[in-house]
Amino acid sequence: MVRKYLLSIVVGVAAVTAAGATTDYTQYVNTLQGTDSNFGLSRGNTYPTAGMPYGVHFWSAQTGRNGDGFKYTYSADAIRGFAQAHQCSPWVSDYAVYSFMPVVGDLVVNEDARATRFSHDNETGRPHYYAVTLDNGITTEMAPTERGVHLRFSFPAGKDDAWLVLDGYTEMSSIHIDPKRRTVSGWVNNQRFFNDSKSYRNYFVVEFDKPFEAWGLWENVSDSIMPGATTGVGKGYGAYLKFKPGTKVQAKAASSYISAEQARVNLDSELGDDRTLEATKERGRRVWNDLLSRVKVEGGTDEELRTFYSCLFRSNLFSRMFYELRPDGTPYYYSPYDGKIHDGYMYTDNGFWDTFRSQFPLTNILHPTMQGRYMNALLDAQKQCGWLPSWSCPGETGGMLGNHSISLLTDAWVKGIRTFDPDSALKAYAHEVMNKGPWGGANGRAGWKEYFTLGYVPYPMSMGSTAQTLEYAYDDFCAWQLARMTGNKFYEDIFAKQMYNYRNVFDPATGFMRGRGEDGSWAEPFNPIEWGGPYCEGNAWHYNWSVFHDVQGLIDLYGSDEAFVAKLDSVFSLPGDVIPGTYGGMIHEMVEMQLADMGQYAHGNQPIQHMPYLYTYAGQPWKTQYWVRQIMSRLYDSTPKGFPGDEDQGGMSSWYVLSALGLYAVCPGTDQYVIGSPVFGKATITLENGNTFTVEAVNNSPENVYIASARLNGEPYDLNYITYGDIARGGVLTLEMSATPCYTRGVDKSTVPFSLTRH
Ligand code: CA
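Numbering follows our numbering, with no gaps: position 207 of the sequence shown is 209.
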């Protein structure tokens, strides 16, 4: 007995030690990264998101006025609410918002009057937990679940009345207070982009753990209050509740797009068992920690760890789940496209222009099961909407350009995620590219007829025409690739020619992709530093490289590797001068390029973000290694100024995550990840299938950024890329790092990544 007793103590201690040694990766995440932004300068344009991975609803403190896309700005000194949040970007603003604001003393409902000063010293932002103590002594805490939140409002001790204001926001809302059950329920319908907005409602239910001393309704237009009222419907209707002075009150809230009953189901299933906020918070921490620890990096500085995990957090928020679970666990959803209820999974909130390049290639590594569901949901969305999503928020906006859903579908297929019918995908894509939809430039195809007949979109018939031509040609490559892989000869033949259309906007005389008239003439006057016109949010220097699928074909247009590399070098060596062109004045992306101080290299926006990796196609991979390390160390950190431009639904942060692992997907739709230069000495990715893929960078340091030699699973490795299969099978990529470039590794054409011309 005694021996056995002793043994169990020893085992117990050992277990505690092991648990104690387990790293809590959430400690490295700063959810305020990128929040120090404004209309004229984006350092991320993020808000301190408290939410679960791909959660249906997030939560955030709100400093901006109701409906303002700049919902939280770091420079603001007052908070006016704690809001349910879904926003992808300030440029599309939010939907389905309602908020809470605790007030002490006199009841104040008006959003300006109730705004209360705070200091960032009294604020904590973690993925699973946000807390702030306002200058008036009230502490608000939030611990999110996928479809709900656990809130706690702690009022300062004393005799002052404690109030909680529920704000029904900017459009119609319905409120019902049930003092007996200590609940407030109702719905809001503020939104911009539900394609069937008439049927749309966001039903919510909030359950409190303390009795109400008094209550009433108010409305947001006149700020009039209705003491004692319990039920009302109107524009911006809200509720207020009174609690005992000094109360610490917890509230559990959940919402649903399907019904009030489903909101209750969501509340019970996600929060029902949690009696305290601590329990919800700990569950959220574990979910995030399990996910973050699947990409375990070692050997960096504390700040590098903070930057990496803050970025990994942001790269795991969008596209959000838009489905709910019945009591038996089966998924179903309200469609933001047709307003009807459907069985199955739905995902939304993403502008693919921003994310096909980095976020989806990362997601395919980390979450293939979810991607499989998502690819089916894309095709379901097409049936409901009539169009493939391009920029959904949560319905289709058609924002930006290109038809990049095909990039997602083909990239998934190439990587073995084959849950969808490829013929349906190709048919949907063909409809997309031979029609123009009702919304934006990326809903259907702007200029599609001319693109097919002339081989390019003419300028000035279409603004952004050259950008369109380039991105259409890449998308057509993806369609060709999917058709080719699945034996669909019909679509293979159609897109086989179109994917070379990038050649039609290349002017050999100037060496730039240029605007071209219907008669074939080049648009004049031409200056490669002029923004807008035939380019979208960029200039000729930025769009020259948008030939993801045929970099060798692009090199051939320049005539030689040397000429191509010289052109790449110029991007970094030129002055960062800007001519605003058709924008008529400086837009934030121009300011960000100048602040980055890397010449014409504009990492603040997507078009050129793959360009540093193109040296690996032209015999000088050491320049890729140099520049990606420069970009990571100079343009990213974990602070509120931590991004060099809009974060864009994980786009900006996924670039960092992949690049910090030493990888980047220059051409989604192929199975390759180009090798760059990793930040950390060791990075271990644990895949869904349980395999691990490790990138070891021996002798890595801020000076030793160059790859001297490489081995894959112990064998010498000369290629400038690895494949998805290499990662998924598990293994070890070992890189010997050096302070001097290696002029012999990865320089032969047999080592370069995929190009159509070499296919
Ligand atoms: Ca952008």
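The C-beta atom is built at its ideal place from N, Cα and C for all residues, glycine as well.
Practice task
Below 6 Å CB to CB, which residues in the same chain sit around Y56 once its five sequence neighbours on both sides are set aside?
Solution key: Translated into the one-based positions of the sequence shown, residue 56 becomes position 54. Counting only Cβ-Cβ distances below 6 Å, and skipping sequence neighbours, we find R322, M323.
Handout entry: Bounding residues of the beta strand (DSSP E) (the contiguous stretch that carries N124)
Key = The sequence position of residue 124 within the sequence shown is 122, counting from 1. Looking at the DSSP string, the run of the beta strand (DSSP E) that includes N124 is 118–128.
Practice task
Mind listing which residues have their beta carbon within less than 6 Å of any non-hydrogen atom of ligand 1? Chain order is fine.
Solution key: The set of residues with any CB-heavy atom separation to ligand 1 below 6 Å comprises, in chain order, D356, N607, Q608, D648, D650.
Exercise for the section: Can you give me the Cβ contacts of E649 inside the same chain, cut-off strictly under 7 Å, excluding the 5 residues immediately before and after it? Expected result: As a first step, residue 649 must be located in the sequence shown, where it is residue number 647. Taken in chain order, the residues that qualify are G36, G46, N47, T48, R316, S655.
Practice task
Could you check the C-alpha separation between R636 and M595 for me, to the nearest Å?
Solution key: By one-based count along the sequence shown, residue 636 stands at place 634. By one-based count along the sequence shown, residue 595 stands at place 593. Take the alpha-carbon of R636 and the one of M595: they are about 13 Å apart.
Practice task
Specify, as a first and last residue, the run of the beta strand (DSSP E) that G397 falls within.
Solution key: Locating residue 397 in the sequence shown gives position 395, counting from the first residue. In the DSSP assignment, G397 falls outside any beta strand (DSSP E), carrying neither H nor E.
Practice task
Work out the CA separation of S572 and W450 for me, nearest whole Å.
Solution key: Here residue 450 refers to the residue found at position 448 of the sequence shown. Here residue 572 refers to the residue found at position 570 of the sequence shown. When rounded, the distance between both Cα atoms is 33 Å.
Practice task
For H544, count neighbouring C-beta atoms within 10 Å of its own C-beta (all shown protein chains included) and say buried if the count is 16 or more, exposed if not.
Solution key: What you label residue 544 is simply residue 542 of the sequence shown in a count that begins at 1. By the 10 Å Cβ count, H544 comes out buried.
Handout entry: DSSP-derived helix/strand/coil call for N378
Key = For the purposes of this step, residue 378 is taken as residue 376 along the sequence shown, with counting starting at 1. N378 falls in the helix class under three-state DSSP.
Problem - CB of A519 within 9 Å of CB of P462, strictly - result: Working through the sequence shown from its first residue, we reach residue 519 at position 517. Working through the sequence shown from its first residue, we reach residue 462 at position 460. One point to set straight first is that residue 519 is Gly, not Ala, in the sequence displayed. Cβ atoms of G519 and P462: closer than 9 Å.
Handout entry: Cβ-Cβ separation, E143 to L279 (assumed contact under 8 Å), whole Å
Key = Here residue 279 is taken as the residue at index 277 of the sequence shown, counted from 1. Here residue 143 is taken as the residue at index 141 of the sequence shown, counted from 1. So it is a contact: roughly 6 Å between Cβ atoms.
Handout entry: Closest residue to S409 among F422, D478, W524 (Cα-Cα distance)
Key = Here residue 409 corresponds to residue number 407 of the sequence shown, with the count starting at 1. For S409, the closest alpha carbon among the candidates F422, D478, W524 is that of D478.
Practice task
Note down the Cα distance separating A430 from Y347, rounded to an integer number of angstroms.
Solution key: The sequence position of residue 430 within the sequence shown is 428, counting from 1. The sequence position of residue 347 within the sequence shown is 345, counting from 1. The straight-line gap from Cα to Cα measures roughly 19 Å.
Problem - Three-state secondary structure (DSSP) of F102 - result: For the purposes of this step, residue 102 is taken as residue 100 along the sequence shown, with counting starting at 1. Assigned with DSSP and collapsed to three states, F102 falls in strand.
Practice task
Give me the Cβ distance between E698 and V734, rounded to the nearest whole Å; I'm assuming they're in contact under 8 Å.
Solution key: Sequence index remark: in the sequence shown, residue 698 carries index 696 (1-based). Sequence index remark: in the sequence shown, residue 734 carries index 732 (1-based). The C-beta separation of E698 from V734 comes to about 6 Å, placing the pair in contact by the 8 Å criterion.
Practice task
Let me know the secondary structure DSSP gives Y537 once reduced to three states.
Solution key: By 1-based counting over the sequence shown, the position of residue 537 is 535. Correct three-state label for Y537: coil.
Problem - In chain order, each alpha helix (DSSP H) run of at least 4 residues that lies wholly inside the segment 633–663 - result: Correct list: 653–662.
Handout entry: Cutoff 7 Å; reference D639; Cβ partners in own chain excluding five residues on either side
Key = Numbered from 1 along the sequence shown, position 637 holds the residue referred to as residue 639. Cβ neighbours of D639 beyond the five flanking positions: E305, T309.
Problem - Buried or exposed (CB count within 10 angstroms, at least 16 for buried), T455 - result: On the sequence shown, position 453 is the one that residue 455 refers to. Burial is judged here by how many other beta carbons sit within 10 angstroms of a residue's own beta carbon; T455 has fewer than 16 and is exposed.
Problem - Outcome for V223 when other beta-carbon atoms lying within 10 angstroms are tallied against a minimum of 16 - result: Position 221 of the sequence shown, counting from 1, holds the residue named residue 223. Classification for V223: exposed.
Handout entry: T626 versus D70: straight-line alpha-carbon distance, rounded
Key = By one-based count along the sequence shown, residue 626 stands at place 624. By one-based count along the sequence shown, residue 70 stands at place 68. The straight-line gap from Cα to Cα measures roughly 40 Å.
Practice task
Check the DSSP bridge columns for G150 and list the partner residues they point to.
Solution key: Along the sequence shown, one-based indexing puts residue 150 at 148. A256.
Exercise for the section: Could you tell me the distance, in whole angstroms, from the CA atom of T686 to the CA atom of Y708? Expected result: The residue labelled residue 686 in the question sits at position 684 within the sequence shown. The residue labelled residue 708 in the question sits at position 706 within the sequence shown. Computed Cα separation, rounded: 20 Å.
Handout entry: Sub-9 Å separation of G466 and C538 beta-carbons
Key = Residue numbering aside, residue 466 sits at position 464 when the sequence shown is read from its first letter. Residue numbering aside, residue 538 sits at position 536 when the sequence shown is read from its first letter. Yes, Cβ-Cβ distance for G466 and C538 is below 9 Å.
Practice task
Please list, in chain order, all residues of the same chain as A23 whose beta carbon is under 8 Å from its beta carbon, the five residues on each side excluded.
Solution key: Counting from 1 along the sequence shown, the entry for residue 23 is found at position 21. Note on A23: pLDDT 47, under 50, position unreliable in the model; no value is reported.
Problem - Strand pairing of E717, partner residues [DSSP] - result: As a working mapping, residue 717 is identified with position 715 in the sequence shown. In DSSP, E717 forms a bridge with L714.
Exercise for the section: Closer than 7 Å by C-beta to W220: which residues in its own chain qualify, once you throw out the five before and the five after it? Chain order, please. Expected result: Numbered from 1 along the sequence shown, position 218 holds the residue referred to as residue 220. Cβ within range, chain order: V111, S226, I227, M228, G240, Y242.
Handout entry: Sequence-distant residues of its chain with Cβ nearer than 7 Å to Y336 (five each side left out)
Key = Here the question's residue 336 lines up with position 334 in the sequence shown. Cβ contact annotation for Y336 (same chain, cutoff 7 Å, sequence separation greater than five): Y259, I260, I343, in chain order.
Handout entry: Cα-Cα separation, P50 to K212
Key = Walking along the sequence shown from the start, residue 50 turns up at place 48. Walking along the sequence shown from the start, residue 212 turns up at place 210. Going from the Cα of P50 to the Cα of K212 covers about 28 Å.
Exercise for the section: Report yes or no: do three or more beta-carbon pairs, one from the segment 155–170 and one from the segment 242–256, lie closer than 8 Å? Expected result: Contact holds between the segment 155–170 and the segment 242–256, because three or more Cβ pairs, one in each stretch, are under 8 Å apart.
Handout entry: Contact check, V94 vs G401, beta carbons under 9 Å
Key = Here residue 94 is taken as the residue at index 92 of the sequence shown, counted from 1. Here residue 401 is taken as the residue at index 399 of the sequence shown, counted from 1. Result yes, Cβ atoms of V94 and G401 sit closer than 9 Å.
Exercise for the section: Just mark F492 as buried or exposed, buried being the case when its beta carbon has 16 or more other beta carbons within 10 Å. Expected result: Position 490 of the sequence shown holds residue 492. Counting C-beta atoms within 10 angstroms of its own C-beta, F492 has fewer than 16 neighbours from the protein chains shown and is therefore classed as exposed.
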